[in-house]
Amino acid sequence: MDNDGRRTYVPGDVERKWQERWEAEGTNAFTTDELRSPENPFYQLMMFPYPSAEGLHVGNIYAFTGADVHGRFHRLQGKTVFEPIGFDAFGIHSENFALKVGVHPMDLIPKNVANFTRQLRRIGGMFDWDHTVDTTDPAYYKWTQWVFVQLFRAGLAERRDGAVNWCPSCKTVLANEQVIAGLCERCDTPVEQRNLPQWYFRITDYAQRLLDNLETLDWSETTRKAQQNWIGRSEGGELRFPVLDAGGSDTEAQVHVFTTRPDTIFGATYMVLAPEHPLVDAVTTPDHRAEVEAYQAEMRKLDLVARQKTDKEKTGVFTGGFCRNPATGEPIQVWIADYVLMDYGTGAIMAVPGHDERDFEFATKFELPIVRVVAPEDADASTPLEEAYIGPGRLVNSGRFDDMDVEAGKSAIIAWLEDEGLGESRINYRLHDWCISRQRYWGPPIPVIYCDACGPVAVPEEDLPVVLPRVEDFKPDDSGVSPLARVAEWYETTCPECGEAARRETDVSDTFLDSSWYFLRYPNTDFDDKALDAGITGTWLPVDSYIGGNEHAVLHLMYSRFITMALKDLGHLDFEEPYKQFRAHGLIIREGAKMSKSKGNVIVPDPIIEEFGADTFRTYLMFLGPYEEGGDYQDEGIYGPFGFLKRVFDTAHQVVAAEAAGDAAADAAPDGDVERKLHQTIRQVSEQVPALGFNTSIAALMEYLNTVRAGGRSAVRAEVEPMIPMIAPFAPHLAEELWEALGHEASIFDGANWPEFDAAKAVENTVTVAVQVNGKVRGTIEVAAEADQERAEALARAEENVTRHLEGVTVRRVIYVPNRLLNFVVG
RNA sequence: GCCGGGAUGGCGGAAUCGGUAGACGCGGCGGACUCAAAAUCCGCUUCCUGCAAAGGAGUGAGGGUUCGAGUCCCUCUCCCGGCACCA
């Protein structure tokens, strides 16, 4: 109480009260029966956090609050909203931290999870704590392993030998998606190439489907484009160039190249193989062998960053070998060079220096022939090329294809090579298969047993989970195998097929496998005998709204699409896209940079919530800027939303106090202007919240409150009550408190309490119309809404300042936009 | 280099279909209440000229379309994100 006898807003008290009540009454939780037959299901998903030792950071809270606001809005509109949360607790991140502090992850993670749980409750998310997942719980990873087994049986998981990305610091292989510009995404160490047999998921089989479906998804543009770029489809041809023997005749061997410019084949004056290409040995002549092998050794030593630098001069050596250009019939030199990569296309190219910048640079440096085979329209084809010509044009120096347009040339030359048996059209993708093996400890063991007689065998489903044993010495090493390979009593087993002695796979799977299906599990956590209940899964999925960070655009969001498609093809799901709608939120910036420990600009949420309350912190975060673009965290800015919520509290209690005192005026009809503003606000907020326009919605609510309290006037119930549900998504505890104070017994979130918009009540009777003379505002007039031009013009001409500007000039034209402006065009 | 998103007061940011640029908030200035302070409340706050009335300029730069452009078109600069010797 303050000295007026009215209550003061103490956020901590209000929030504790409602968090306890939501918990006790199960306000946000679903029973299995409710999950089975919801009235109007809406699945609101957010990206489950990795439970770090530091606790929730502002970025987490920003992400969760945005999703929670959206979920709560839909609930207030009468939907049955399922909004689960969980913990992505396996992985290198936790393991490295455990190593650093010398605590076993099995002891560390539960503490972090407990702390995160406390913090997540404190921020007031509408989480269903009865349906959480923890990826490190055997009851969860049993089914992660089950997913692997399904893919293995379908031939979508396979063990392959080949070049892999090896992080020398994390001491494990990484998927392509986890290598950012040649660096490990976890620790920024330059990644090396190693040859190791690994488990792969054949995501490339799904490349075209992953690409095509993007068109149909309601996703943030930036995320869709990131996936498109990552899949990287290019159309072209795979062409074959016969390798020549010392006498210049064709041998059996052929170099396969992928090109997007088959039309330029007559200009292919040399070939380049990647240094690691398997044919290098065969084409190298004895007199070039020493040089070639030295070059290969040099390339092997380089990490990915050094190798893929594009600003350095290209290097390479001649192998001494030749191929025949099937178009010209001429022998052309075969080189190896750093600018051709083994893991794209076929690892070999036909070099067309006349029409490819890289080939031009290389040919110039090593004095290799440059031939023009494309000429732009109206250009002299005999002009020597001073740089590679990439543009459109017609073919020249191309035999019977001369004068053909390049586009027509592409198909004509492919068709001809196909007849010759030397090529065909081909589509190539940048996307690589997903390497899921990790030579680490903290993950679900890959459920495979190696038997000398039967080969790799999947662990039978009834034997799942393959439990990760507690191992004290879990430090990774450079051996290329997991620490589990040190635990003989664990990996020694018998073959499930023949019963002979056999050995378990000792690698664990990628953390991204854990998160590739967690959203499928949430509504199914009540079942321990199956991963997915068909009825419940069909009811709740695909996810209605997914909100999260764009840093997972090509990681989690690509993998989970693939796993969903695969599970659909295997009959476990009846949909193939997991998320109907995905929105990427922006980043919070403070002092000009992303918050990071090294920059020292991190905001620790706990003390702020302590001082201002979760409601204020939530509202402030949502008010910072457009949610999809992020915002600039200014420490002083929190006072705006704090003052707003205090005023809301005060205004509602003013009404309650007036009613209690028997003041009939408190129940009076709303003021006309206020009611109009109310309905305009309802319209605006109802449109903007589902579009994630949180900052403008809060601004509209502030504006409304300013109208209600204008000049210090007293509010009436009809003006205040409809505002409460509109602030509820942002400030749920305060909304509950005030809803109760206004006499409602049930939770504001139980029931469709969103206020109804009445268009008739939002209409303005009079409007301000700007009066312009030649496009410059010279005054304003007040007219009835939809007033006709005659009336408006008369009023405008009566306006003193307007009259002055119309003196002595001729009005040539009058433009009238009802309710907006009147423009006199004079000359 | 290619793809996507941006650039608006001292600051964060608004502006529906091309129609009064700067809503809302922070900060600042002034005032009320107070012995005083905090809290709260009220008013002002794009820049320039002006006592005022008013006038001029103004949404990264330059051009264009239009009665009218932050918004549409062309050219350019810079910033953020994705991809990148990708053949």
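In case it helps, this note's numbering puts the first sequence at residues 29 to 855. All C-beta atoms, glycine included, are put in the ideal place defined by N, C-alpha and C. Keep in mind the model is a prediction, meaning the values are calculated, not measured.
Measure the C-alpha to C-alpha separation of residue i and residue j and round it to an integer number of angstroms.
i	j	result
Asp480	Ala530	7 Å
Ala167	Asp556	7 Å
Ile611	Tyr655	Per the sequence shown, the amino acid found at residue 611 is Arg instead of Ile. Taking the straight line joining both Cα atoms gives about 10 Å.
Glu604	Leu541	17 Å
Leu179	Lys170	15 Å
Phe852	Glu818	13 Å
Leu184	Asp461	10 Å
Leu673	Gly665	14 Å
Pro225	Pro524	22 Å
Asn31	Val42	With a pLDDT of 39 at Asn31, under the threshold of 50, the modelled position of that residue is not reliable, and the figure given next carries that caveat. For Asn31 and Val42, the distance between alpha carbons rounds to 20 Å.
Ile151	Asn734	27 Å
Asp339	His383	20 Å
Asp408	Ile418	16 Å
Lys342	Tyr234	34 Å
Thr232	Ala763	49 Å
Gly375	Cys351	16 Å
Glu304	Glu321	10 Å
Asp778	Gly373	57 Å
Val333	Leu211	7 Å
Ile455	Leu601	29 Å
Ala203	Ala788	58 Å
Kindly indicate which three-state DSSP category residue i falls into: helix, strand or coil?
i	result
Arg428	helix
Gln105	coil
Phe76	coil
Lys804	strand
Arg188	strand
Gln609	strand
Thr565	helix
Phe777	coil
Gly836	coil
Gln361	strand
Arg352	strand
Thr287	strand
Leu850	strand
Ala581	coil
Glu818	helix
Arg146	helix
Ile843	strand
Ala440	helix
From the DSSP secondary-structure annotation, give me the bridge partner or partners of residue i.
i	result
Ala812	Thr794
Ile617	Lys622 and Asp660
His121	In DSSP, His121 forms no bridge with anything.
Asp433	Arg422
Tyr574	Leu73 and Phe610
Met378	Met299
Gln712	Per DSSP, none; premise fails for Gln712.
Glu520	Arg531
Gln282	Pro270
Glu395	None, per the DSSP bridge assignment.
Cys479	Gly483
Can you tell me whether residue i is buried or exposed, with buried defined as 16 or more other CB within 10 angstroms of its CB?
i	result
Cys215	exposed
Asp701	exposed
Gln662	exposed
Arg188	exposed
Glu326	exposed
Met29	With a pLDDT of only 38 at Met29, under the threshold of 50, the placement of this residue in the model should not be trusted, and no figure is reported.
Ile208	exposed
Lys558	exposed
Ala696	exposed
Ala693	exposed
Cys526	exposed
Tyr667	exposed
Asn12	This structure leaves residue 12 out entirely; the chain is present only between 29 and 855.
Identify every run of the alpha helix (DSSP H) within the stretch 731-772, keeping only runs that are complete inside it and at least 4 residues long; order them along the chain. 745-748, 751-755 and 760-769
Could I get the ranges of all uninterrupted alpha helix (DSSP H) runs contained in the stretch 192-264, with 4 residues as the minimum, in chain order? 235-242 and 249-259
In chain order, what are the residue ranges of uninterrupted beta strand (DSSP E) at least 3 long that sit wholly in the stretch 644-688? 658-660
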